[in-house]
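Letter by letter, the sequence shown follows residues 1 to 314 of UniProt numbering.
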Amino acid sequence: MSKEVDLSVQIGDLQLKNPVMPASGCFAFGKEMAEWYDLSRLGAIMVKATTLEPRLGNPTPRVAETSGGMLNAIGLQNPGVEKVISEELPHLRQYEDLKIIVNVAGTAIDDYVETARRLSESGLADALELNISCPNVKCGGIQFGVDPTLAADLVRAVKQVTSVPLIVKLSPNVTDIVEMARAVEAAGADALSMINTLVGMHIDLEKRKPLIAIGTGGLSGPAVKPVAIRMIYQAAQAVRIPIIGMGGIMSGEDAIEYFMAGASAVAVGTANFVNPFACPEILDEIVAWCQGHGVERVRELTGAAWKEGEMPGA
């Protein structure tokens, strides 16, 4: 009989029973997916980006399949923070030990702060994921994510009004990911999630124009995984806070690779559109891999690929 694997991981003050969760924007608020399987199997759920006011998002078409991934330019469509608190989050409380992480987006520091304050005070969010990396909006999002000073200012401001762990989602669309990671850590981030999507474009050959209505979109899926692995490998050794890795995770072995690069947990995105059972299947595959390799605690794998002597914060 295979030995049981300890799957628990720690993300700042957030204790997760296992390291697998759906990524924000790829699972809505969980209601539709709950018809397929018991959400309590997940370690956490990262729900759709939430802004202070409702947003309709970008014009269509705003999703396109590409080689090895997909482009999206949804534009942070959501019902606004008050409806998220009153109508979307309460149903998630029925799932035992399912941690709720709410992605917070905005256009200026003030509305990020107000959205975060309301969610924190609602008691319905176990943690917040600060979205400073969405490439699909004209204001906010990636404007903060490519400027370490601006990002740090935003993190400090939001940190003052929140009582739950603050996870900062970094953009890969920067020259130096380590500089960004260090800047938000110094400003008070409790953890990082990385990476958000890469800016890309897909041309409709018959119409001779970009397929996505606003021109560009965020590229996700297996095509971005090597980029994410490299950035996590670099950032994890430069900071002391934990990292939730994401970008093209389609299997348990993909997740193991993220752990070895330095991630403590993983978020599954594009795979949910291919296979609605992706998250629980990836969790099962992680367990099987650990059992097959004599790993008793999944957290032992974090940073396993680092060279000898490489330690966080070195």
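Virtual Cβ for every residue (Gly too), placed ideally from N, Cα, C.
Coil, strand or helix - residue i by DSSP
{"i": "Ser86", "result": "helix"}
{"i": "Gln15", "result": "strand"}
{"i": "Val239", "result": "coil"}
{"i": "Met201", "result": "coil"}
{"i": "Ala314", "result": "Note that Ala314 scores 43 on pLDDT, short of 50, meaning its location in the model is unreliable; the coordinates nonetheless yield the value given after this. Of the three classes helix, strand and coil, the one that applies to Ala314 here is coil, per DSSP."}
{"i": "Ile229", "result": "helix"}
{"i": "Val174", "result": "coil"}
{"i": "Glu35", "result": "helix"}
{"i": "Ser40", "result": "helix"}
{"i": "Val224", "result": "helix"}
{"i": "Gly145", "result": "helix"}
{"i": "residue 372", "result": "No answer is possible for residue 372: it lies beyond the span of the chain, which begins at 1 and ends at 314."}
Limits of the unbroken beta strand (DSSP E) element including residue i
{"i": "Ile243", "result": "243-246"}
{"i": "Gly25", "result": "First-last for Gly25: undefined, no H or E at that position."}
{"i": "Gly217", "result": "217-220"}
{"i": "Ser193", "result": "191-194"}
{"i": "Leu166", "result": "166-169"}
Option nearest residue i by Cα separation, candidates the options
{"i": "Pro276", "options": "Ala288, Ser251, Ile132", "result": "Ser251"}
{"i": "Lys48", "options": "Ile282, Ile214, Phe27, Glu87", "result": "Phe27"}
{"i": "Leu128", "options": "Arg93, Gly57, Ala189", "result": "Ala189"}
{"i": "Lys31", "options": "Glu87, Ser8, Ser171", "result": "Glu87"}
{"i": "Ala152", "options": "Leu130, His202, Pro172, Pro165", "result": "Leu130"}
{"i": "Leu42", "options": "Met33, Arg62, Asn18", "result": "Asn18"}
{"i": "Ile101", "options": "Ile45, Val5, Ser120", "result": "Ile45"}
{"i": "Ile85", "options": "Arg55, Ser122, Ile109", "result": "Ser122"}
{"i": "Leu39", "options": "His91, Ile241, Ala304, Thr162", "result": "His91"}
{"i": "Val9", "options": "Leu198, Phe259, Thr270", "result": "Phe259"}
{"i": "Glu96", "options": "Ser120, Glu253, Leu16, Gly269", "result": "Leu16"}
{"i": "Pro210", "options": "Leu71, Glu35, Ser120", "result": "Leu71"}
{"i": "His202", "options": "Ile243, Met231, Gln160, Ile214", "result": "Ile214"}
{"i": "Val178", "options": "Glu257, Arg208, Lys99, Val146", "result": "Val146"}
{"i": "Thr302", "options": "Ala255, Pro222, Leu283", "result": "Ala255"}
{"i": "Ala235", "options": "Ala278, Asp204, Val184", "result": "Val184"}
{"i": "Ser171", "options": "Thr197, Tyr233, Ala304, Val266", "result": "Thr197"}
Segment limits, alpha helix (DSSP H) that includes residue i
{"i": "Val155", "result": "148-159"}
{"i": "Ser122", "result": "109-122"}
{"i": "Met180", "result": "177-186"}
Beta-bridge pairing of residue i - partner residues as DSSP gives them
{"i": "Arg55", "result": "Asn78"}
{"i": "Pro210", "result": "Ile203"}
{"i": "Thr162", "result": "The partner list for Thr162 (beta bridge, DSSP) is empty, contrary to what the question assumes."}
{"i": "Ile132", "result": "Its beta-bridge partners do not exist; DSSP assigns none."}
{"i": "Asp6", "result": "Arg297"}
{"i": "Lys99", "result": "Ala44"}
{"i": "Gly69", "result": "Thr66"}
{"i": "residue 396", "result": "Past the boundaries of the shown model lies residue 396; the chain is included only from 1 to 314, so the question cannot be answered."}
{"i": "Thr50", "result": "Val104"}
Curious, which full-length alpha helix (DSSP H) runs of at least 4 residues does the stretch 249-307 contain?
252-261, 271-274, 278-292
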